[in-house]
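**Q**
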Amino acid sequence: MSSPPILYESPSGHVVLLDIPSSISSPPGLRLCSSSPPGAQYALPEPKGNSLNQGSIESTEETRALVLEALDHIYKNYSGPFLLPRTTSKEPAIEDVDDISDIYSTPVFSMSGAWRALTVLHPAPQKRFYIPPNSSFLLSDFQTSIPAFTAISTHLRKFHLVLLDPPWPNKSAARNRTYTTLNRFDIQKLQCIPLSQTLTPPDHASGIRGGLVGIWITNKPKFRSFVLENLFPEWGVEFVSEWVWVKITSSGEPIFDLESRVRKSYEVLMFGRARIVEVFPRKTILAVPDVHSRKPCIKELIEQYLPREYNACEIFGRNLTEGWVTWGDEAIKYNWSGYWS
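Counting in numbering that gives the first Met the number 0, the sequence shown runs from 0 upward without gaps.
#1: Going by alpha carbons, who is nearest to residue 302 out of 320, 255, 18 and 238?
#2: Going by C-alpha to C-alpha distance, which of 290, 314, 130 and 129 sits closest to residue 213?
#3: Within its chain, find whatever has a CB closer than 6 Å to the CB of residue 406; leave out the 5 residues flanking it on each side and keep chain order.
#4: Would you say residue 265 and residue 66 are within 8 Å of each other, going by their C-beta atoms?
#5: Can you tell me where the beta strand (DSSP E) holding residue 216 begins and where it ends?
#6: Going by DSSP, name the residue or residues bridged to residue 268.
#7: Assuming residue 289 contacts residue 20 (C-beta within less than 8 Å), just tell me the rounded distance between them.
#8: Can you pull the DSSP bridge partners for residue 5?
#9: Using the Cα positions of residue 294 and residue 31, report the straight-line distance between them to the nearest angstrom.
#10: Return helix, strand or coil for residue 26, following the three-state DSSP convention.
#11: Under the rule that 16 or more other beta-carbon atoms within 10 Å means buried, what is residue 22, buried or exposed?
#12: From residue 36 to residue 245, what distance separates their C-alpha atoms?
#13: Give the DSSP-derived three-state secondary structure of residue 195 in the structure shown.
#14: Which same chain residues end up closer than 8 Å to residue 38 when comparing Cβ atoms and leaving out the 5 residues on each side of it in sequence?
#15: Near residue 298, which residues of its chain fall below 7 Å by C-beta distance, leaving aside the five closest residues on each side in sequence?
#16: Residue 242 to residue 60, Cα distance in whole Å?
#17: Can you find the residues in the same chain that come closer than 6 Å, C-beta to C-beta, to residue 218, ignoring five residues on each side of it along the sequence?
#18: Answer yes or no: do residue 104 and residue 147 have a C-beta to C-beta separation smaller than 8 Å?
#19: Thinking just about the alpha-carbon of each residue, which of 136, 191 and 198 is nearest to the one in residue 382?
#20: Return helix, strand or coil for residue 337, following the three-state DSSP convention.
#21: Give the secondary structure of residue 54 by DSSP, where H, G and I count as helix, E and B as strand, and everything else as coil.
#22: Bridge partners for residue 326 per DSSP, in chain order?
#23: According to DSSP, is residue 117 helix, strand or coil?
#24: Between which two residues does the alpha helix (DSSP H) carrying residue 130 extend?
#25: Excluding the 5 residues preceding and the 5 following residue 134 in the sequence, name in chain order all residues of the same chain whose CB lies nearer than 8 Å to its CB.
#26: How would you label residue 129, buried or exposed, when you count the other beta carbons within 10 angstroms and need 16 or more for buried?
#27: Could you check where the beta strand (DSSP E) with residue 300 kicks off and where it finishes?
#28: Just the Cα atoms here: how many angstroms apart are residue 5 and residue 268?
#29: Do you know offhand how far residue 164's Cα is from residue 79's?
#30: Count the CB pairs spanning the segment 227 to 240 and the segment 305 to 314 that are closer than 8 Å, and state whether there are at least three.
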């Protein structure tokens, strides 16, 4: 039986300590392979001069204050471990799971209430993937499979939640051949994702809330501005809140000095929703990071803000989540049997 991912939650729910590997849907009796947790804070060289504009400084200071408040709360109210025991292993070569053309661009639905194994026979050698209960996926580049995605949302009667983790342009990631990023021209194509058509609409008369959009961003101000000024208006939603994931070491300190201007110890998840009067609380999630690009699964945290029976989709996801749809060119990457033991 898998361990609960939430190690601690404040009475208000604003501060959460989460174990990332345990937050991801897991087959019975198997453990997800992870990276070794950072044991100490990383030292970084600081640039000379001030390269941040005033807006960036204000945004950074506001987030930094939230992070400090969350850390202070955890240190005063929690005395347990900051992560659960991990199964560590070397990252498999990307070519081991890169070619699974038999199911590429084909929507796959699992209506089973139990875990199932999917075996891809061609091309050889065959590959086995573990599929969570009632999950679906579309393994494809988002720029070429928008019609298929729209058809899925129509089949499911639209989504109450769409979560996105775009591969934002990043210099260090660009040097890593195992991680694809969008170039500066491709970013605009995110506006082509027809979320205004695939989100459940609000019903102001009955007070029913419209679909919720959550998008992970890096700490560059231009990406935040792009979401607020371009993506959210295109998708018919307005900014309602944000959650902050603070990356901590195994001893509970931020992985980088909070004063660093080179790297930040946190990432932000911005939420948007069609206009309706509501309060959507901010939340600070503390979690020890795992393999590159693996985010905390927020399923258990977000469900309290969704209908009892809801449809959810993750775009650019790298693993399947029980009951959700996942769309992207790495949608079942971490469901491959080679990542489990």
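Heads up, the beta-carbon is just placed ideally off N, CA and C, and yes, glycines get one too.
Please read all numbers here as calculations on a predicted model, not as lab measurements.
**A** Let me lay it out:
#1: 320
#2: 314
#3: Residue 406 lies beyond the range of the chain shown here (0 to 340); nothing can be said about it.
#4: yes
#5: 211 to 216
#6: 215 and 242
#7: 6 Å
#8: 17
#9: 14 Å
#10: coil
#11: buried
#12: 14 Å
#13: helix
#14: 248, 249 and 250
#15: 320
#16: 15 Å
#17: 263
#18: yes
#19: Since the first residue shown for the chain is 0 and the last is 340, residue 382 is missing from the structure and cannot be characterised.
#20: helix
#21: Unreliable positioning characterises residue 54 in this predicted model, as indicated by a pLDDT of 49, which lies under 50. The coordinate reading is nonetheless provided below. Helix, per DSSP.
#22: 137 and 314
#23: strand
#24: Run containing residue 130: none in the alpha helix (DSSP H); it sits in the beta strand (DSSP E), 126 to 130.
#25: 24, 109, 319, 320, 321, 322, 323, 324 and 325
#26: buried
#27: Where residue 300 is concerned, there is no enclosing beta strand (DSSP E), although the alpha helix (DSSP H) it sits in stretches over 298 to 301.
#28: 18 Å
#29: 30 Å
#30: no
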